[in-house]
Amino acid sequence: MAFSFPTFVRPGARRAIAGVALALLALLAGAPLAAFALVPADVAPLAADDFDAKSAAIDKLIANHDKESVAVLKALSEDSALATDAGAVLLQDGDAARDAVTGKTVAAGDAQPVTLNNLLRSKVAGALSGLQLDSPDRATREAATAALLRNPDPAIKPLVDAARAKETDPALKKRLDTLWAMTALHDADPARRLEAVQLVAARHDLDMNELLRPLVAKKPDGSFNEADERIRAAAQSGIDELDAIQRRSQIAGTLFAGLSLGSVLLLAALGLAITYGLIGVINMAHGEFLMIGAYATYVVQNLFQRYAPGAFDWYPLLAVPASFAAAGLVGIVLERLVLKHLYGRPLETLLTTFGISLILIQATRMLFGAQNVQVVNPAWMSGGVTVLPNLILPYNRLAILAFSLIVVGIAWTVLTKTRLGLFVRAVTQNRRMAACVGVKTARVDSYAFAFGAGIAGLGGCALSQIGNVGPDLGQSYIIDSFMAVVLGGVGQLAGTVIGGFGLGLVSKAIEPFWGAVLAKIAVLVLIVLFIQKRPQGMFALKGRSAEA
Amino acid sequence: MTSATSSPHVGTAGSRAAAGRGADSGFALGLPPRPALLSRRAWLALIALIIVFGLGVPFATLVVPETSPLHLSAYAMTITGKFMCYAIAALALDLVWGYCGILSLGHALFFALGGYAIGMYLMRSIGHDGKYGSDLPDFMVFLDWHQLPWYWQGTQHLGYALLLVVLVPAVVAWVFGFFTFRSRVKGVYLSIITQAMTFAAMLLFYRNETGFGGNNGFTDFKRIGGFPITHAGTRTALLLITFAVLILAFIGARAIVTSKLGRVVTAVRDGETRLMFLGYSPLAYKLFVWTVSAVLCGIAGALYVPQVGIINPGEMSPGNSIEMAIWVAVGGRGTLIGPIVGAFAVNGAKSFFTANFPEYWLFFLGLIFVLVPLFLPNGIMGLIDIVTRKRNRS
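Order-wise, the sequence lines are chains A and B.
Counting the first sequence from 1 gives a position; the numbering used here is that position plus 31.
Counting the second sequence from 1 gives a position; the numbering used here is that position plus 1.
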């Protein structure tokens with residue numbers, strides 16, 4: 032054993048521990064300290080083919096954990112244990128081999144490596160970790176504990192018992208307690224079992240379900256696996272608690288997924304709501320503004336990769352304005368060249384904008400290729416924050432959620448606090464009257480359209496951080512964002528926010544039960560039913576402007 | 002086409018405005034005379050076309066030897082049949098868009114529903130000739146299903162399948178239309194909702210569990226009504242049936258739009274609110290035209306599938322629906338003949354481009370979408386109108 036060699040112990044600091052450990056060592060049940068305590072019968076099963084017998088033999092080696100047994104275990108883990116036909120186990124050391132029991136150097140001859148299956152391999156690995164539990168180095172002990180917690184094997188219980196008794200570090204001690212509990216669930220002593228169950232349940236780790244469930248299960252003959260009722264009750268309450276945690280994190284996960292989808296829909300729908308409210312134009316090419324924003328982000332990312340790799344983490348700072356500008360520019364060109372001539376003919380505009388979306392998609396395909404392009408998250412956006420044991424919120428989705436709220440804030444500010452916003456609202460409410468009092472409605476239309484397109488570009492920039500960027504990017508979001516606008520009511524910022532998040536939440540809430548496709552259909556049916564009640568959406572414009 | 006300035010339904014006899022605009026007698030309801038079903042010349046042209054096509058096609062496919070340049074190849078027949086099916090669908094769309102002001106972006110759904118209905122029959126009539134030699138269609142064997150889902154019951158009978166071709170689109174359209182028209186969803190809103198409807202249906206049909214072959218849909222048909230489906234005679238018959246349906250659909254649609262009912266429908270397009278103030282409830286009129294249009298579209302789909310030999314969910318993609326709208330727009334909406342011309346023109350161009358410049362087809366299609374509404378708001382028919390008017394003036 033490692034600590035039985037004084038050279039391993041740093042003078043002074045560890046002396047007290049070593050003393051306690053040595054004293055305890057003597058108490059350990061029948062662990063023989065004499066040299067060459069192994070007998071041929073101990074290792075003989077390893078040379079045979081029966082894996083159950085091998086498992087038992089390894090258990091015994093672990094229980095012994097003297098120098099020779101440890102050497103065998105090490106050899107097993109390194110695949111350097113050989114078995115002879117006679118049933119002896121040889122430990123290979125370079126070219127030489129020595130007998131595991133006698134320690135004599137022998138010729139390897141025709142000895143074959145001892146075969147292990149995965150189960151036995153992890154058992155041996157666990158045992159070696161267990162042996163490190165009494166390493167003098169805290170980091171080594173910590174790593175060993177962590178390894179064992181992942182894969183606890185009742186066979187290493189003696190080692191855990193020993194380590195637990197002498198551990199002084201409170202944090203490690205707590206973990207060791209858990210580890211002990213996991214190995215002691217089937218201890219002969221009911222009191223220990225009870226304590227073990229309570230400790231295991233207190234971990235609040237969903238993997239513990241696997242350990243607790245067998246305790247409350249029944250054997251085929253109808254009797255319980257666990258005879259003691261108190262232990263069963265403790266195990267059951269532990270399971271219930273774990274179930275509750277699981278439910279909570281599922282609900283939280285669904286909520287987050289819904290908000291995340293909602294934030295994307297919101298970014299896509301915001302510009303749509305503004306232009307539709309203002310000009311009465313449903314822009315089928317709106318999804319392509321998303322795509323343009325995403326490709327602008329891709330271009331900026333590539334420029335950073337080539338010219339400023341050191342500042343790569345900050346490329347979104349430039350990508351955001353670039354995507355706004357790119358989409359806004361295309362938007363204003365479109366409005367000036369085409370849409371302006373079609374005002375008052377909404378159905379034709381629908382077709383025209385669809386044609387424009389076809390042209391934009393095909394142009395992108397020819398410029399960037401039909402394949403998806405790679406947009407890499409900056410380092411600070413990868414990874415996530417662990418909220419609950421099985422719920423990790425990725426940073427990129429959190430960033431987009433925050434980003435969408437900021438964009439809504441900006442849009443709100445522009446619409447309510449600026450002169451342009453005032454004009455936009457005036458024209459939305461009553462175009463003729465606004466024109467009469469001197470608002471240049473045509474120019475307002477252009478700017479508002481560019482603004483809406485720019486916001487979609489921002490949405491594309493956000494989308495590039497969580498999904499694939501390809502020529503068809505816009506197509507997959509366009510229908511959903513229309514639905515968000517329909518749901519929220521036209522020309523209403525608040526409506527679009529509620530519509531976007533509402534749609535995202537409802538879709539994600541239905542998805543676990545019915546699957547993504549049926550969820551989409553259900554949402555559509557819900558929307559059709561919803562507009563039965565509120566044909567103008569949730570937040571209808573009040574007044575006479577409602578119907579032309 | 003009459004520009005329905007909605008004269009009162011039962012105007013007071015003495016109404017001067019009505020009388021002024023009305024017929025020669027002093028006592029008139031003020032209704033402009035309804036146009037005839039077809040003009041004399043149109044009848045003659047139609048009959049001539051029927052004779053030429055009805056005799057020419059069987060002659061060119063069955064009698065003329067294959068080596069002759071006059072022989073109608075299988076490819077040419079398929080493509081003609083396909084275009085005629087598209088023309089029927091475009092006609093159906095014109096009925097709702099051109100005359101009722103409802104721009105449906107979901108007509109591909111009805112087209113595909115009709116196609117799937119006949120496809121079920123075609124799958125069943127493969128019998129044991131499939132890859133697995135089972136009673137069930139191959140894809141069901143592949144999915145490890147052991148019996149037909151309930152909605153496949155009875156589809157081995159052609160008559161029942163034809164009934165489904167009519168009923169399924171009708172029911173779907175009626176239910177959808179009832180709920181949306183009742184809540185007075187219209188204009189672009191309605192267009193978007195119809196698009197979402199076909200999109201949702203497409204997703205549904207893509208699922209294997211829905212029981213319609215998932216991704217691959219139905220294909221590999223062997224026979225229809227006992228006749229081998231690839232045989233020249235069968236194909237000729239199918240082509241002639243398609244032609245007959247196209248003619249009947251045109252006459253039927255013309256009968257609807259020239260009827261009194263058609264006049265109310267046109268009034269819905271031009272001033273729904275005003276029509277309501279006059280005491281009409283537009284719901285029933287809209288529903289009627291909408292459902293007829295859906296059924297017509299379903300029949301077009303049912304004729305399409307046996308000739309083309311495949312139906313899959315891609316057929317209901319929103320893009321396909323919008324393409325239908327462009328056929329109508331190119332031909333000239335509200336003319337009935339225009340959509341037929343448009344369907345042939347656009348699809349002819351599509352065949353030409355995809356064969357010669359596949360990359361530029363989407364550009365071209367996109368440009369049609371942009372340029373036609375801008376410069377040709379009444380489509381090809383509008384162009385012909387302008388040309389003939391100019392010629393008459395000179």
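Where a beta carbon is used, it is the ideal one built from N, C-alpha and C, also for glycine.
Look at the alpha carbon of residue i and the alpha carbon of residue j, and state the distance between them as a whole number of angstroms.
i      : j      : result
L296/A : L453/A : 26 Å
V65/B  : K132/B : 36 Å
V342/B : R270/B : 23 Å
L59/A  : K539/A : Only weak support exists for where L59/A lies, its pLDDT of 46 falling under 50; the value from the coordinates is given anyway. Each residue's Cα considered, the two are about 56 Å apart.
T383/A : G31/B  : 39 Å
K448/A : V455/A : 11 Å
E109/A : A215/A : 29 Å
L273/A : E173/A : 26 Å
K250/A : L150/A : 24 Å
F355/A : G311/A : 22 Å
F335/A : G531/A : 33 Å
Q123/A : L164/A : 26 Å
G55/B  : R41/B  : 21 Å
L368/A : I387/A : 11 Å
A90/B  : M412/A : 50 Å
P167/A : A194/A : 11 Å
M398/B : A344/B : Past the boundaries of the shown model lies residue 398/B; chain B is included only from 2 to 395, so the question cannot be answered.
G23/B  : I103/B : Its pLDDT being 44, under 50, G23/B is placed unreliably by the model, and the measurement read from it follows with that caveat. Rounded to whole angstroms, G23/B to I103/B spans 30 Å at the Cα level.
What's the call for residue i, buried or exposed, on a 16-neighbour Cβ count within 10 Å?
i      : result
I52/B  : exposed
W98/B  : buried
A285/B : exposed
H96/A  : buried
V189/B : buried
M382/B : buried
A142/A : buried
K287/B : buried
C467/A : exposed
T417/A : exposed
E273/B : buried
When DSSP labels each residue in this structure, what does residue i get in the three-state scheme?
i      : result
D130/A : strand
K471/A : coil
F255/A : strand
Q496/A : coil
T13/B  : Note that T13/B scores a pLDDT of 39, beneath 50, so its modelled location is shaky and nothing firm can be said.
K249/A : strand
D220/A : coil
G537/A : Strictly speaking, residue 537/A in this sequence is Val, with Gly absent from that position. Helix, per DSSP.
Q332/A : helix
V312/A : coil
V137/A : strand
I127/B : coil
K187/B : coil
F213/B : coil
A37/B  : coil
D165/A : coil
Going by DSSP, name the residue or residues bridged to residue i.
i      : result
V416/A : L424/A
R224/B : P229/B
P144/A : L113/A
I413/B : Nothing about residue 413/B can be read from this structure; chain B reaches only from 2 to 395.
V404/A : V500/A
L121/A : L113/A and D130/A
Pull up the CB-CB distance for residue i and residue j, whole angstroms please, since I reckon it's below 8 Å.
i      : j      : result
G380/B : V371/B : In fact, because the Cβ distance is near 14 Å, the residues do not count as touching under 8 Å.
I509/A : H372/A : Contact flag wrong, Cβ pair sits at about 23 Å.
R125/B : T156/B : 5 Å
V500/A : N403/A : 6 Å
Y122/B : A162/B : 3 Å
L225/A : V155/A : With a Cβ gap of about 31 Å, L225/A and V155/A do not count as contacting.
L489/A : V351/A : 6 Å
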